[in-house]
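**Q**
Protein chains: 4
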Amino acid sequence: MVVFFMDPLTTLTELLRDLPGIGPRQARRSAFVLAQKNPHWRKKFITALIDAEKKVHFCKECMHLFTRKRDDETLCPICRDIHRDDDTLLIVEKDADLENIEKTGVFQGKYFVLGGTTSPRSKKPEKEIHLSLLEKRIEEKKNLKEIIFALSANTEGDDTVRFLRTYLEEKCTALEIKMSILGRGISTGTELEYIDTDTMIYALKGRG
Amino acid sequence: MVVFFMDPLTTLTELLRDLPGIGPRQARRSAFVLAQKNPHWRKKFITALIDAEKKVHFCKECMHLFTRKRDDETLCPICRDIHRDDDTLLIVEKDADLENIEKTGVFQGKYFVLGGTTSPRSKKPEKEIHLSLLEKRIEEKKNLKEIIFALSANTEGDDTVRFLRTYLEEKCTALEIKMSILGRGISTGTELEYIDTDTMIYALKGRG
Amino acid sequence: MVVFFMDPLTTLTELLRDLPGIGPRQARRSAFVLAQKNPHWRKKFITALIDAEKKVHFCKECMHLFTRKRDDETLCPICRDIHRDDDTLLIVEKDADLENIEKTGVFQGKYFVLGGTTSPRSKKPEKEIHLSLLEKRIEEKKNLKEIIFALSANTEGDDTVRFLRTYLEEKCTALEIKMSILGRGISTGTELEYIDTDTMIYALKGRG
Amino acid sequence: MVVFFMDPLTTLTELLRDLPGIGPRQARRSAFVLAQKNPHWRKKFITALIDAEKKVHFCKECMHLFTRKRDDETLCPICRDIHRDDDTLLIVEKDADLENIEKTGVFQGKYFVLGGTTSPRSKKPEKEIHLSLLEKRIEEKKNLKEIIFALSANTEGDDTVRFLRTYLEEKCTALEIKMSILGRGISTGTELEYIDTDTMIYALKGRG
Numbered sequence: 000m001v002v003f004f005m006d007p008l009t010t011l012t013e014l015l016r017d018l019p020g021i022g023p024r025q026a027r028r029s030a031f032v033l034a035q036k037n038p039h040w041r042k043k044f045i046t047a048l049i050d051a052e053k054k055v056h057f058c059k060e061c062m063h064l065f066t067r068k069r070d071d072e073t074l075c076p077i078c079r080d081i082h083r084d085d086d087t088l089l090i091v092e093k094d095a096d097l098e099n100i101e102k103t104g105v106f107q108g109k110y111f112v113l114g115g116t117t118s119p120r121s122k123k124p125e126k127e128i129h130l131s132l133l134e135k136r137i138e139e140k141k142n143l144k145e146i147i148f149a150l151s152a153n154t155e156g157d158d159t160v161r162f163l164r165t166y167l168e169e170k171c172t173a174l175e176i177k178m179s180i181l182g183r184g185i186s187t188g189t190e191l192e193y194i195d196t197d198t199m200i201y202a203l204k205g206r207g
Numbered sequence: 000m001v002v003f004f005m006d007p008l009t010t011l012t013e014l015l016r017d018l019p020g021i022g023p024r025q026a027r028r029s030a031f032v033l034a035q036k037n038p039h040w041r042k043k044f045i046t047a048l049i050d051a052e053k054k055v056h057f058c059k060e061c062m063h064l065f066t067r068k069r070d071d072e073t074l075c076p077i078c079r080d081i082h083r084d085d086d087t088l089l090i091v092e093k094d095a096d097l098e099n100i101e102k103t104g105v106f107q108g109k110y111f112v113l114g115g116t117t118s119p120r121s122k123k124p125e126k127e128i129h130l131s132l133l134e135k136r137i138e139e140k141k142n143l144k145e146i147i148f149a150l151s152a153n154t155e156g157d158d159t160v161r162f163l164r165t166y167l168e169e170k171c172t173a174l175e176i177k178m179s180i181l182g183r184g185i186s187t188g189t190e191l192e193y194i195d196t197d198t199m200i201y202a203l204k205g206r207g
Numbered sequence: 000m001v002v003f004f005m006d007p008l009t010t011l012t013e014l015l016r017d018l019p020g021i022g023p024r025q026a027r028r029s030a031f032v033l034a035q036k037n038p039h040w041r042k043k044f045i046t047a048l049i050d051a052e053k054k055v056h057f058c059k060e061c062m063h064l065f066t067r068k069r070d071d072e073t074l075c076p077i078c079r080d081i082h083r084d085d086d087t088l089l090i091v092e093k094d095a096d097l098e099n100i101e102k103t104g105v106f107q108g109k110y111f112v113l114g115g116t117t118s119p120r121s122k123k124p125e126k127e128i129h130l131s132l133l134e135k136r137i138e139e140k141k142n143l144k145e146i147i148f149a150l151s152a153n154t155e156g157d158d159t160v161r162f163l164r165t166y167l168e169e170k171c172t173a174l175e176i177k178m179s180i181l182g183r184g185i186s187t188g189t190e191l192e193y194i195d196t197d198t199m200i201y202a203l204k205g206r207g
Numbered sequence: 000m001v002v003f004f005m006d007p008l009t010t011l012t013e014l015l016r017d018l019p020g021i022g023p024r025q026a027r028r029s030a031f032v033l034a035q036k037n038p039h040w041r042k043k044f045i046t047a048l049i050d051a052e053k054k055v056h057f058c059k060e061c062m063h064l065f066t067r068k069r070d071d072e073t074l075c076p077i078c079r080d081i082h083r084d085d086d087t088l089l090i091v092e093k094d095a096d097l098e099n100i101e102k103t104g105v106f107q108g109k110y111f112v113l114g115g116t117t118s119p120r121s122k123k124p125e126k127e128i129h130l131s132l133l134e135k136r137i138e139e140k141k142n143l144k145e146i147i148f149a150l151s152a153n154t155e156g157d158d159t160v161r162f163l164r165t166y167l168e169e170k171c172t173a174l175e176i177k178m179s180i181l182g183r184g185i186s187t188g189t190e191l192e193y194i195d196t197d198t199m200i201y202a203l204k205g206r207g
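Residue numbers (numbering that gives the first Met the number 0), protein chains in the order written: chain A, 0 to 207; chain B, 0 to 207; chain C, 0 to 207; chain D, 0 to 207.
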C-alpha cells in the first residue's frame, strides 16, 4: 500500500493561497509562521474556525454573514434592528462593502448582499449572485418602496446593475418599487485634470 | 575683476527644475539631452519659446492661455465661438483642467480660469486667483445665468469654492445668477469597499 | 456570571493580523472567506495546523523548520543528506532565505538558521538569534572549515555579521575555521546611474 | 499660398516629449509653464541653450560631454587631471553613469563613455556606441593596463560587455591590456529571500 505523505507546511501554503490577496511567497512565509505559533494561539485559531462553522451564518433576509449569539437567530443585527427603515434596500456585492458603508453611518435602511457580480450576458446568473433570494426578499417585504444599487463604478458593477434592472423591472413595477442607483459625480480626491467623460457628464448633470 | 563662470549644463539643470514634476536626476539627464540636440531642434525650441512670449496670451475674458493667430486677437477660440452658450460659466483652477474638460466634449458653455486656489482664511485672495477679473467677467456678461464651480474634490478645491460662494453671493443674487458646483457621487473606478463618508452621503442623496 | 461573547469573525480577523504582510482590511476579508469555506476545506486546514504542531520541528542541527516523516527524525533533509559538504556552513536569517537559496541550487554545503538578527549593541543577543545552538553546531561538526554569512545587505544584516564575527572569532581561530561573507558587487538589475558608494567600492575591488 | 500656422504651445509640447521620462500630460503642462515664464527666465534659458551649443562638447578622449571654459579646450576636466591614473579605463554607457560614479569618489582612473549599448548580434555596432573612438583611445594611451567594463547588470549591459570583450580581445592581448568587469554579488539592499541564481553564484564565488 502506498501512503502519500502530506507535508503540513505544503498544505498550509496551498490553503492560504485561497485567502484574498495572498501570493505564493507570502503564503509560504505565513505557513512557517503558523507552524511556529504556540499551542495557545493555534488553539484559539482552530476554535475560531470551528466556531465560525457553527455560529457564522448568512442572514436569511439579506445574505450578510453574521455571528449568531443564540442558536435560533436567523437575522443579522441590521435586519433585526427595528429602528432601521424597511422601505429602502441597498443592494451590495459583498460583505466588505456592507461593512464599509455601515462604517460611514449615513445609510439607515436595509441591505441585500448579492455575493458576487453578474451581467446581462451571463448564462447562469443565479449561480453568480443570490438571485432567487433577492426576488423572495422583494416580494415578502411589504413596506419596500425603493431598491438602491450600490455597486462599484466599474464594468462588473455596471453590468450587474444592467442585468438586475431588466430582471426585476416587471416585479418592481407591479409592486410599485422604485429602482435607483447611487449618484455619480466627482468623488473625494477627483482631480479635474484627470476626469473622464462619464464622470464629467454625471457631474454636470448632477450639479447643485 | 572676477568673472563668474556659468556652466550652461548647470544652468539648464536648474531651470528645468522649474517645470512641473521634474526631479533633480531627470533635470540633469534632460540638460545633457538638450546639450546634444542638433542645431535644427534647438532653433525650433528657441523659436517656439520666443513665439510663445509674443503670441501666447491670457484670453482677456476667461484667462485661458491661448495662441494668437492675429496680433489683435484678445479672445481665445472658446470665448470667440458664437455657438457656445453664454449663459453658463464653468470656473476651473488651471489651463490643464480646462483642456481636459474640453476633451470630454460634454460642456458647451464658457470657462473662467482662476489660475490657482484660495481659501476663506486667505489674507490676499486676489494674489492667488484672478479675482477682480472674475468679478468683471460676471458683471459684464449680460446673459450669464449660472456659475458652475469645477474644482478638484480636495481641500484646496473645497476651500476655493467656499471662498467664492461667500465672496460672490451678493453680486450673484443681485444679478440673478445661480451658483452651483459639480455633482458629487461615485466616480468611474470607485469601489464600495473603500468609499468615504462624504462620497457616500452625496451618492445616496444624488441617487436616481 | 458575565460571559463575554467572542465573535469568531473578530477573533479570526485579529489572529490573521499575525501573519506576515496582512493588513486590517485584508484580514477582515480573509476572515469572511474562512467563515464561508466548506467543511472539507476547513477540516483540511485544521488538520494541517494540528499536523504542523506534531510534525513540523526545528532541525536540531540547523534550526530549519521541517516536517518529520517519522517521529524519531531530528534532522532536516538537508542535514541528513550525506552528499552535501560538511565543511561549509551558510548562516542565514530565516527559513524563507534558506528555501530561496536552495531554489537557486548553487550551494552544496549545510545551513544554520539564526531565526532573527542582532547587533553588537544588543543587550541580549541570545534572545534574538539561536546563538548557543550555533556555537554548539560549530564545536561539534568536526569537518567544518568555513562559515559563510549570508545575510541581507542592509543595516540589520550588516550588524548581525559584525556581532557574529567578534563573538565567534576566538572559537573559529582555535578550530581553524575561516569566516567569510557573501561577495558584494553589482547584482542583477543594478543600474550604474543609481549605484551607491559601498556597492561601487566592492564592485571595483571585486572586478575580474 | 498656404501658410501653415504653428502654435508655439503645440511645438513646445512636442519638443518637450524628447526629454527623458516626460509623458504627454507633463509635456503639455510644462509648455503652459514655459509660456508663462517671465522674459528674464526665458532669456536665461535661451542663453543657456545657445551657450550649450557653443561650449558643451564631447571630450575628444573620453566622449564625456563637458563645458569648455576656453575655446581651445578639447579635454574634459577628468581627462586633463594629471593626478588621475592613466592605467585604468572605466567603460560606461552614458554621462549620467560617469557623473554618478564620480560622486561616489572611489574611482581614480579615467573613463570612456560609449554613448549607448550594443550586442554581439548587432549589425552596426559602430552606429550604437563610439567604437572606433574607443579603439583609438586604447591604442594611443601608452600607459593603459586595464579596461574595466562598468555597465548595468541587465541584458543590454551584459550584451555590450560580451560584444566588446570579443571585439577588443586581439588588440588588448597584443597591447597587454587586461579586460575586467565590475564585481558582482549582493548589493546594498539585496534581501536573501529574493536573491536570483546569478547573483547567488557570484556572491558565493566572491565571498571573502
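Backbone N, C-alpha and C fix where the C-beta goes; we use that ideal spot for every residue, glycine too.
Would you tell me roughly how many angstroms separate the C-alpha atoms of residue 131(C) and residue 167(C), rounded to the nearest one?
**A** Position 132 of the third sequence, counted from the first residue, corresponds to residue 131(C). Position 168 of the third sequence, counted from the first residue, corresponds to residue 167(C). If I take the Cα positions, the gap works out to 11 Å.
**Q** How would you label residue 152(B), buried or exposed, when you count the other beta carbons within 10 angstroms and need 16 or more for buried?
**A** To locate residue 152(B), count along the second sequence from 1; it is residue 153. Result: buried.
**Q** Starting from the Cα of residue 28(D), find the closest Cα among 193(A), 207(A), 198(A) and 206(A) and give me that residue.
**A** One-based indexing of the fourth sequence puts residue 28(D) at position 29. Comparing Cα positions, the closest option is 193(A).
**Q** Mind checking residue 60(A): buried by the 16 CB within 10 Å criterion, or exposed?
**A** Reading the first sequence from its first residue, position 61 is the one you call residue 60(A). Buried, because 16 or more other Cβ atoms sit within 10 Å of the Cβ of residue 60(A).
**Q** In chain order, what residues of the segment 173-191 of chain C put their CB closer than 8 Å to some CB of chain D?
**A** Flagged, chain order: 179, 180, 181, 182, 183, 184, 185, 186, 187, 188, 189, 190 and 191.
**Q** Where residue 13(C) and residue 24(D) are concerned, what is the direct C-alpha to C-alpha distance, given to the nearest angstrom?
**A** Within the third sequence, numbered from 1, the residue matching residue 13(C) stands at position 14. Within the fourth sequence, numbered from 1, the residue matching residue 24(D) stands at position 25. Answer to the nearest angstrom: the Cα atoms are 44 Å apart.
**Q** Residues in the segment 47-72 of chain D with C-beta within 7 Å of chain B's C-beta atoms, listed in sequence order?
**A** Listed by position along the chain: 47, 48, 50, 51, 52, 54, 55, 64, 66 and 68.
**Q** List the residues that DSSP assigns as beta-bridge partners of residue 178(B).
**A** Sequence index remark: in the second sequence, residue 178(B) carries index 179 (1-based). DSSP output for residue 178(B) lists 146(B) as bridge partner(s).
**Q** Between 185(A), 124(A), 184(A) and 135(A), which lies nearest to residue 161(A) when the distance is taken from Cα to Cα?
**A** Indexing the first sequence from 1 puts residue 161(A) at position 162. When only C-alpha atoms are compared, the closest one is 124(A).
**Q** If contact is defined by three or more beta carbon pairs under 8 Å, each pair taking one atom from either stretch, is the segment 112-119 of chain C in contact with the segment 35-55 of chain C?
**A** Short answer: they don't touch.
**Q** Residue 128(C) versus chain A: which residues are under 9 Å apart at the beta carbon?
**A** Locating residue 128(C) in the third sequence gives position 129, where the first residue counts as 1. Simply none; closest approach about 15 Å.
**Q** For the alpha helix (DSSP H) containing residue 56(D), name the first residue and the last one.
**A** Stepping through the fourth sequence from its first residue, residue 56(D) is reached at position 57. First-last for residue 56(D): 55-57, but that is the beta strand (DSSP E), not the alpha helix (DSSP H).
**Q** Give a yes or no on whether 7 Å exceeds the smallest Cβ distance from residue 137(C) to chain D.
**A** Residue numbering aside, residue 137(C) sits at position 138 when the third sequence is read from its first letter. It does not; no Cβ of chain D falls within 7 Å.
**Q** Roughly how many angstroms separate the alpha carbons of residue 44(C) and residue 49(A), rounded to a whole number?
**A** For the purposes of this step, residue 44(C) is identified with residue 45 of the third sequence, where counting begins at 1. For the purposes of this step, residue 49(A) is identified with residue 50 of the first sequence, where counting begins at 1. Each residue's alpha carbon lies about 11 Å from the other.
**Q** List, in chain order, every chain C residue whose beta-carbon is nearer than 9 Å to that of residue 25(A).
**A** Here residue 25(A) refers to the residue found at position 26 of the first sequence. Near residue 25(A) (Cβ distances below 9 Å), the residues of chain C are 18, 19, 20 and 21.
**Q** Within the 7 Å Cβ cut-off, does residue 95(A) reach chain C?
**A** Counting from 1 along the first sequence, the entry for residue 95(A) is found at position 96. Cβ-Cβ to chain C under 7 Å: yes for residue 95(A).
**Q** Taking all protein chains shown into account, do 16 or more other C-beta atoms lie within 10 angstroms of the C-beta of residue 82(A), making it buried, or fewer, making it exposed?
**A** Taking the first sequence and counting its residues from 1, the one referred to as residue 82(A) is at position 83. With fewer than 16 Cβ atoms within 10 Å of its Cβ, residue 82(A) is classed as exposed.
**Q** Nearest-angstrom Cα distance between residue 88(D) and residue 187(C)?
**A** By 1-based counting over the fourth sequence, the position of residue 88(D) is 89. By 1-based counting over the third sequence, the position of residue 187(C) is 188. Cα to Cα, the separation comes out at about 23 Å.
**Q** Taking Cβ positions only, does residue 158(B) come closer than 7 Å to chain A?
**A** Here residue 158(B) corresponds to residue number 159 of the second sequence, with the count starting at 1. So no, residue 158(B) is outside the interface.
**Q** Using the Cα positions of residue 205(B) and residue 141(B), report the straight-line distance between them to the nearest angstrom.
**A** Looking up residue 205(B) in the second sequence gives position 206. Looking up residue 141(B) in the second sequence gives position 142. In a straight line, the C-alpha of residue 205(B) is about 31 Å away from that of residue 141(B).
**Q** Roughly how many angstroms lie between the CA atoms of residue 133(C) and residue 171(C), to the nearest whole one?
**A** On the third sequence, residue 133(C) is found 134 positions in, with the first residue counted as 1. On the third sequence, residue 171(C) is found 172 positions in, with the first residue counted as 1. Rounded to the nearest angstrom, the two C-alpha atoms are 12 Å apart.
**Q** Nearest to residue 195(C) by CA position, among 47(D), 173(D) and 98(D), is which residue?
**A** Residue mapping note: residue 195(C) aligns to position 196 of the third sequence, counting from 1. Minimum Cα distance to residue 195(C) is reached at 98(D).
**Q** Whose Cβ in chain C lies nearer than 7 Å to the Cβ of residue 45(A)?
**A** Against the first sequence, residue 45(A) aligns to sequence position 46. Chain C residues near residue 45(A): 45 and 48.
**Q** Taking a Cβ distance cut-off of 9 Å, strictly less, list which residues of the segment 101-118 of chain A are near chain E, in chain order.
**A** In the structure shown, chain E cannot be found, because the protein chains are A, B, C and D.
**Q** Taking a contact to mean a Cβ-Cβ separation below 7 Å, would you say residue 84(C) touches residue 107(C) in this structure?
**A** Position 85 of the third sequence, counted from the first residue, corresponds to residue 84(C). Position 108 of the third sequence, counted from the first residue, corresponds to residue 107(C). Yes. Within cutoff.
**Q** List, in order along the chain, the chain C residues whose C-beta lies closer than 7 Å to that of residue 91(A)?
**A** Position 92 of the first sequence, counting from 1, holds the residue named residue 91(A). Within 7 Å Cβ-Cβ: nothing; residue 91(A) doesn't reach chain C, min ~13 Å.
**Q** Between the alpha carbons of residue 32(B) and residue 103(C), how many angstroms are there, rounded?
**A** In the second sequence, residue 32(B) corresponds to position 33, counting from 1. In the third sequence, residue 103(C) corresponds to position 104, counting from 1. C-alpha separation (whole angstroms): 41 Å.
**Q** Based on Cα-Cα distance, which residue from 149(B), 117(B), 157(B) and 174(B) lies nearest to residue 135(B)?
**A** The residue given as residue 135(B) occupies position 136 in the second sequence. Considering only alpha carbons, the answer is 174(B).
**Q** Flag residue 104(B) as yes when its Cβ comes closer than 6 Å to any non-hydrogen atom of the ligand SAH, and as no otherwise.
**A** Of the ligands one can find in the structure shown there are none, so the ligand SAH has no counterpart to examine.
**Q** Taking only the alpha-carbon atoms, compute the straight-line gap between residue 210(C) and residue 143(C) and give it to the nearest angstrom.
**A** Chain C is shown from 0 up to 207; residue 210(C) falls before or after that span and cannot be answered.
**Q** Taking residue 100(A) as the reference, give the member of 181(A), 68(A) and 30(A) with the closest Cα.
**A** In the first sequence, residue 100(A) corresponds to position 101, counting from 1. Ranking the options by Cα distance to residue 100(A), first place goes to 181(A).
**Q** I need the straight-line Cα distance from residue 41(D) to residue 76(B), nearest angstrom please.
**A** Translated into the one-based positions of the fourth sequence, residue 41(D) becomes position 42. Translated into the one-based positions of the second sequence, residue 76(B) becomes position 77. Computed Cα separation, rounded: 26 Å.
**Q** Along chain D, which residues have their Cβ under 9 Å away from the Cβ of residue 38(B)?
**A** Translated into the one-based positions of the second sequence, residue 38(B) becomes position 39. The contacting residues are 52.
**Q** Are residue 183(A) and residue 156(B) close, meaning C-beta to C-beta below 7 Å?
**A** The count along the first sequence starts at 1 and reaches residue 183(A) at position 184. The count along the second sequence starts at 1 and reaches residue 156(B) at position 157. Cβ distance not < 7 Å, so residue 183(A) and residue 156(B) don't count as in contact.
**Q** Decide if residue 0(D) is buried, meaning its Cβ has at least 16 other Cβ atoms within 10 Å, or exposed.
**A** Translated into positions along the fourth sequence, residue 0(D) becomes position 1. In this predicted model, residue 0(D) has a pLDDT of only 48, less than 50, meaning its place in the structure is not dependable; the value taken from the coordinates is given anyway. Classification for residue 0(D): exposed.
**Q** Our contact map puts residue 78(B) next to residue 109(B) with C-beta atoms below 8 Å; I'd like the distance itself, whole angstroms only.
**A** Residue mapping note: residue 78(B) aligns to position 79 of the second sequence, counting from 1. Residue mapping note: residue 109(B) aligns to position 110 of the second sequence, counting from 1. Correct: roughly 6 Å between the Cβ atoms.
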